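S.K.: Residue numbers (my numbering), protein chains in the order written: chain E, 1 to 212; chain V, 1001 to 1212; chain G, 2001 to 2212; chain Y, 3001 to 3212.
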DNA sequence: AATGAATGAGCCTTCATTCAT
DNA sequence: TATGAATGAAGGCTCATTCAT
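1) Do you know how far the Cα of residue 150 of chain E is from the Cα of residue 102 of chain E?
2) Is it buried or exposed for residue 153 of chain E, if we count other Cβ within 10 angstroms and need 16 for buried?
3) What residues of chain V sit near residue 122 of chain E, judged by a beta carbon separation below 7 Å?
4) For residue 3161 of chain Y, go through chain G and note every residue whose CB falls closer than 8 Å to its CB, in chain order.
5) Decide if residue 1282 of chain V is buried, meaning its Cβ has at least 16 other Cβ atoms within 10 Å, or exposed.
6) Have a look at residue 3021 of chain Y and residue 3028 of chain Y and give me their C-alpha separation to the nearest angstrom.
7) Distance, Cα to Cα, residue 2138 of chain G vs residue 2194 of chain G?
8) Given a cut-off of 8 Å on the beta-carbon distance, is the pair residue 1181 of chain V and residue 177 of chain E in contact?
9) Beta carbons nearer than 9 Å to chain G: which residues of the stretch 3051 to 3080 of chain Y have them?
10) What is the DSSP secondary structure of residue 2137 of chain G, reduced to helix, strand or coil?
11) Given a cut-off of 8 Å on the beta-carbon distance, is the pair residue 3062 of chain Y and residue 3054 of chain Y in contact?
12) Tell me the rounded alpha-carbon separation between residue 1030 of chain V and residue 1115 of chain V.
13) Let me make sure I understand the geometry here. Which of Y/3110, Y/3100, Y/3065, Y/3019 has the alpha-carbon closest to that of residue 3185 of chain Y?
14) Counting along the chain, where does the alpha helix (DSSP H) carrying residue 1109 of chain V start and finish?
15) Could you name the residues of chain E that residue 1114 of chain V contacts, counting a contact when the two beta carbons are closer than 9 Å?
16) Which chain E residues are close to residue 1035 of chain V, counting only those with a beta carbon under 7 Å from its beta carbon?
17) Please decide whether residue 2020 of chain G counts as near chain Y, where near means a Cβ-Cβ distance under 8 Å.
18) Consider the Cβ of residue 3105 of chain Y: report whether some Cβ of chain G lies at a distance smaller than 8 Å.
19) Check each residue of the stretch 1136 to 1156 of chain V: if its Cβ is closer than 8 Å to any Cβ of chain E, include it; give the result in chain order.
20) Could you check where the alpha helix (DSSP H) with residue 3039 of chain Y kicks off and where it finishes?
21) What three-state label does DSSP hand residue 3206 of chain Y in the structure shown?
22) Any C-beta of chain G sitting closer than 8 Å to the C-beta of residue 3131 of chain Y?
23) Quick check: is the beta carbon of residue 1198 of chain V nearer than 8 Å to any beta carbon in chain E?
24) Using 8 Å as the limit for Cβ to Cβ distance, is residue 48 of chain E near chain V?
25) Return the CA-CA distance between residue 2172 of chain G and residue 2120 of chain G, expressed in angstroms with no decimal places.
26) With DSSP as the reference, identify every bridge partner of residue 162 of chain E, one or two as the case may be.
27) Relative to the C-alpha of residue 192 of chain E, which residue among E/167, E/161, E/164, E/117 is closest?
28) Which of the three DSSP states, helix, strand or coil, is assigned to residue 2046 of chain G?
29) Below 8 Å between beta carbons: does that hold for residue 174 of chain E and residue 1202 of chain V?
30) Nearest chain E C-beta to residue 1174 of chain V closer than 8 Å, yes or no?
31) Let me see if you follow: with CB-CB separation under 8 Å, is residue 3180 of chain Y close to chain G or not?
32) Out of curiosity, what's the CA-to-CA distance linking residue 1122 of chain V and residue 1105 of chain V?
33) May I have the straight-line CA-CA distance separating residue 1094 of chain V from residue 206 of chain E, to the nearest angstrom?
34) According to DSSP, is residue 3075 of chain Y helix, strand or coil?
35) Determine the extent of the alpha helix (DSSP H) in which residue 181 of chain E is found, giving its start and end residues.
36) Which first and last residues belong to the alpha helix (DSSP H) in which residue 1059 of chain V is found?
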């Protein structure tokens, strides 16, 4: 991967703020095509021209919507995370019970990945190629996501539902790591099973432990 | 990454079985240099010439010991996993208690990664770039490693230490995912802390859960 | 020379059939540059970058018009042979006399080589580097060319102009070999003389023999 | 092909003049192996290590007998031509008739090639790769060989057997070209037939022409 | 004389990106 | 906005040759 820039999302810029509807649609089409192509061939094996072809546009057109090939990957991540966080927060609005909140988080997490295998592949595999790349991610949405889990755990501790002697930061990583591994394993596995169905099992394990 | 071959390790061999000591040493030196270089620059940014220079040999010499650049990566994985599995099995020989066994596994896992940051980077980041690559890994040593964890959990169930109503396969993934995330987070994090020290915390959480 | 593919000519095509004029011109320019460069430096000593520079395009551009370095060589052969066969057939249309036909063939053959020393060098030297390469050639245009000569001889036999006791296939090879050697010798020789002027001498010798 | 040197034949040089019998034998073995390997794989595809292996020696050993890979090719040519010229002259000693002399030359030429297909391939194909290479050849043995033919023809003219109005130099090229083409065609052709058997046909054609 | 491990120069090809239209 | 032809930097790998043993 060449020098990653990680700069602002470039939107076709005739007018800065009002981006026309068809422009957004084309941008989305390209992003979707990129997800499909990256998932099938892998990021490095994929050529920008492949993405363009899959999106039904010319190679040069991709660069009207994205600054670079890297940015396609970054944008897939950001769009998905933005959606996920928004959906997550909405889903948690009226859920008070910490356990139930974790359950919702896990369900949404695995459901989103399980719903779109190509997206899942990009998230679980293609997105993890360089420390720079990962640092960039962890310091933004991922930090936010881990924070959401951590806060939920902490509030569970405050409420007396969860043990006070555990470190909520570490616990958050444990849960995230577990969900992440579920998703990765689902990608890799030849067998086809419901990923979402594992959410409750994971949360149950996380909450109650393996001990009798 | 180009077509990976994953074929046998090509060691310059005077006779097939007896590989001379200096040959082994040079091979190891190259592998170590590769770990360092890949970790610092990333696999794709690294040139074979960089690795050669770091190992103090000529570029062409790398190809006397490894079939391709890819094979350097594969070999780092395989050598480490082989060592880790051997060390793991040895360390578990006389440990009967399931909880203690999990603790040992976690400790060895995080200690190994925490001991060599470069190796950890290669393992947590560089090695996860393509589905093909990951499939190859999961179907060998990783499967074996997950199996080791799963069997430990299952024996804990048999012994009555662990709940009978959990799926040991899923539980194994949960624990592995948690450890894996610890390592990844440690890599990414700017702060320097002891990775190994988290082993007990993770296992405690895994065994007892967050619930009061 | 690497694995030769000998596949279809890859012409950048807006539409499959209508190749734009400038595209054809650029392709021709590259082919001409390749002829010049290969003749001066030899095929293996020539770099694709040399050809590109001589053609006034970037190195990558060559690959928009030709699949590989090999294909440049193949294309020079094919374009020349196509032209030569077309010109040859046209020139023979109204020539009935077998001797006169042979004379025309020889004249065109040597005139074409004598007209473009670079092309001659590529034909007489660079194009004869591997059995695979030569097999490929002999089984296409060369076979056709030898066939043209053989048929002319055979018709001369039928007409009673030529002896009936000679094998026209062998006679064709003899004439072709003679012309080919004339060309090769002309290439190699330091002295500059008219190659075309030897056509009649060769044909006279071929027709009448050296015997008094 | 890299810079060709075309320098003196390097003989293992412990003592300059007295080359031990086994040294000569090893040199010959290498040359024979080279002929076989070059013929099968082509000169450029062949590695010096291939030749060494085929000769049953180590790669470095080849360089004790030959200065370079190029020189292997050159030496094959020179050894064969030396033998051929010697054999030729001997065979012609007591043959006075010009036609008969030509017949002997043609027979020896085609018999030698027809006897050793690998050698024939090297001579007809591998040896003709660069102008420099060919210039080197033409200016030595080839010139001598053509001279032999030319002189024979000239003496035939003096004797009144051959027409006085032909240019013996051109006639010599014609005959050589004819023989050369016979050999090349025999190499390329899938069909297996006697090459030597064509000698008389070619000479008859050369002497008497195709005309009735 | 013989070995074969080591060297390192050399080059085809790909493909992200640009830009004239 | 859209196109797609053109660019040119970049690098993995081969293999003839050397040389310490």
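For glycine and all other residues, C-beta sits at the position ideal for the given N, C-alpha and C.
Everything numeric in this text was worked out from a predicted model, so none of it was measured.
M.R.: Working from what's here:
1) As a first step, residue 102 of chain E must be located in the first chain, where it is residue number 102. As a first step, residue 150 of chain E must be located in the first chain, where it is residue number 150. So the two alpha carbons sit approximately 10 Å from each other.
2) Translated into positions along the first chain, residue 153 of chain E becomes position 153. Residue 153 of chain E comes out buried.
3) For the purposes of this step, residue 122 of chain E is identified with residue 122 of the first chain, where counting begins at 1. Close to residue 122 of chain E, with beta-carbon spacing below 7 Å, lies no residue of chain V; the smallest spacing is near 10 Å.
4) The count along the fourth chain starts at 1 and reaches residue 3161 of chain Y at position 161. Close partners of residue 3161 of chain Y in chain G (Cβ separation under 8 Å): 2211, 2212.
5) Examination of residue 1282 of chain V is not possible in this model, given that chain V is present from 1001 through 1212 alone.
6) Mapped onto the fourth chain, residue 3021 of chain Y falls at position 21. Mapped onto the fourth chain, residue 3028 of chain Y falls at position 28. Pairing residue 3021 of chain Y with residue 3028 of chain Y, the inter-Cα distance amounts to about 11 Å.
7) Looking up residue 2138 of chain G in the third chain gives position 138. Looking up residue 2194 of chain G in the third chain gives position 194. Residue 2138 of chain G and residue 2194 of chain G: Cα-Cα distance of roughly 27 Å.
8) In the second chain, counting from the first residue as 1, residue 1181 of chain V sits at position 181. In the first chain, counting from the first residue as 1, residue 177 of chain E sits at position 177. Here residue 1181 of chain V is near residue 177 of chain E, since their CB atoms are less than 8 Å apart.
9) Within the stretch 3051 to 3080 of chain Y, no residue qualifies.
10) Numbered from its first residue, the third chain carries residue 2137 of chain G at position 137. It is helical.
11) The residue you call residue 3062 of chain Y lines up with position 62 of the fourth chain. The residue you call residue 3054 of chain Y lines up with position 54 of the fourth chain. Using a Cβ distance threshold of 8 Å, residue 3062 of chain Y and residue 3054 of chain Y do not count as a contacting pair.
12) Here residue 1030 of chain V corresponds to residue number 30 of the second chain, with the count starting at 1. Here residue 1115 of chain V corresponds to residue number 115 of the second chain, with the count starting at 1. Here the C-alpha atom of residue 1030 of chain V lies approximately 20 Å from the C-alpha atom of residue 1115 of chain V.
13) Numbered from its first residue, the fourth chain carries residue 3185 of chain Y at position 185. The shortest C-alpha to C-alpha distance from residue 3185 of chain Y to any of Y/3110, Y/3100, Y/3065, Y/3019 is the one to Y/3110.
14) As a position in the second chain, residue 1109 of chain V is number 109, starting the count at 1. Counting along the chain, the alpha helix (DSSP H) containing residue 1109 of chain V begins and ends at 1098 to 1115.
15) For the purposes of this step, residue 1114 of chain V is identified with residue 114 of the second chain, where counting begins at 1. What residue 1114 of chain V touches in chain E: nothing, since even the nearest Cβ is about 15 Å away.
16) Numbered from its first residue, the second chain carries residue 1035 of chain V at position 35. Ordered by position in chain E, no residue passes the 7 Å Cβ test against residue 1035 of chain V, which lies about 14 Å from the chain.
17) In the third chain, counting from the first residue as 1, residue 2020 of chain G sits at position 20. Taking Cβ atoms only, chain Y never reaches closer than 8 Å to residue 2020 of chain G, which makes this a no.
18) Working through the fourth chain from its first residue, we reach residue 3105 of chain Y at position 105. Interface flag for residue 3105 of chain Y against chain G is unset, since no Cβ pair is found closer than 8 Å.
19) Listed in sequence order: 1138, 1153, 1156.
20) Locating residue 3039 of chain Y in the fourth chain gives position 39, where the first residue counts as 1. Element bounds for residue 3039 of chain Y: 3021 to 3041.
21) For the purposes of this step, residue 3206 of chain Y is taken as the residue at position 206 of the fourth chain. Looking at residue 3206 of chain Y - three-state DSSP - the assignment turns out to be helix.
22) Translated into the one-based positions of the fourth chain, residue 3131 of chain Y becomes position 131. Any Cβ of chain G closer than 8 Å to the Cβ of residue 3131 of chain Y would place that residue at the interface, and such an atom is present.
23) Here residue 1198 of chain V is taken as the residue at index 198 of the second chain, counted from 1. Yes, residue 1198 of chain V counts as interfacial toward chain E.
24) On the first chain, position 48 is the one that residue 48 of chain E refers to. Under the Cβ distance rule, residue 48 of chain E does not count among the residues neighbouring chain V, no pair being separated by less than 8 Å.
25) Start at 1 with the first residue of the third chain, and residue 2172 of chain G comes out as number 172. Start at 1 with the first residue of the third chain, and residue 2120 of chain G comes out as number 120. When rounded, the distance between both Cα atoms is 21 Å.
26) Along the first chain, one-based indexing puts residue 162 of chain E at 162. BP columns for residue 162 of chain E point to V/1211.
27) For the purposes of this step, residue 192 of chain E is identified with residue 192 of the first chain, where counting begins at 1. Nearest option by C-alpha distance: E/117.
28) Indexing the third chain from 1 puts residue 2046 of chain G at position 46. Under the three-state reduction of DSSP output, residue 2046 of chain G falls in the coil class, being neither helix nor strand.
29) On the first chain, position 174 is the one that residue 174 of chain E refers to. On the second chain, position 202 is the one that residue 1202 of chain V refers to. With contacts defined by Cβ atoms closer than 8 Å, residue 174 of chain E and residue 1202 of chain V form a contacting pair.
30) Indexing the second chain from 1 puts residue 1174 of chain V at position 174. At a cut-off of 8 Å, the C-beta of residue 1174 of chain V has a neighbouring C-beta in chain E.
31) The count along the fourth chain starts at 1 and reaches residue 3180 of chain Y at position 180. The C-beta of residue 3180 of chain Y comes closer than 8 Å to at least one C-beta of chain G.
32) Sequence index remark: in the second chain, residue 1122 of chain V carries index 122 (1-based). Sequence index remark: in the second chain, residue 1105 of chain V carries index 105 (1-based). Spanning the alpha carbons of residue 1122 of chain V and residue 1105 of chain V requires a straight line of approximately 20 Å.
33) Here residue 1094 of chain V corresponds to residue number 94 of the second chain, with the count starting at 1. Here residue 206 of chain E corresponds to residue number 206 of the first chain, with the count starting at 1. Cα to Cα, the separation comes out at about 28 Å.
34) Within the fourth chain, the letter at position 75 stands for residue 3075 of chain Y. Helix at residue 3075 of chain Y.
35) Counted from its first residue, the first chain places residue 181 of chain E at position 181. Taken as a continuous stretch (DSSP letters only), the alpha helix (DSSP H) holding residue 181 of chain E covers 168 to 188.
36) Translated into the one-based positions of the second chain, residue 1059 of chain V becomes position 59. Taken as a continuous stretch (DSSP letters only), the alpha helix (DSSP H) holding residue 1059 of chain V covers 1059 to 1065.
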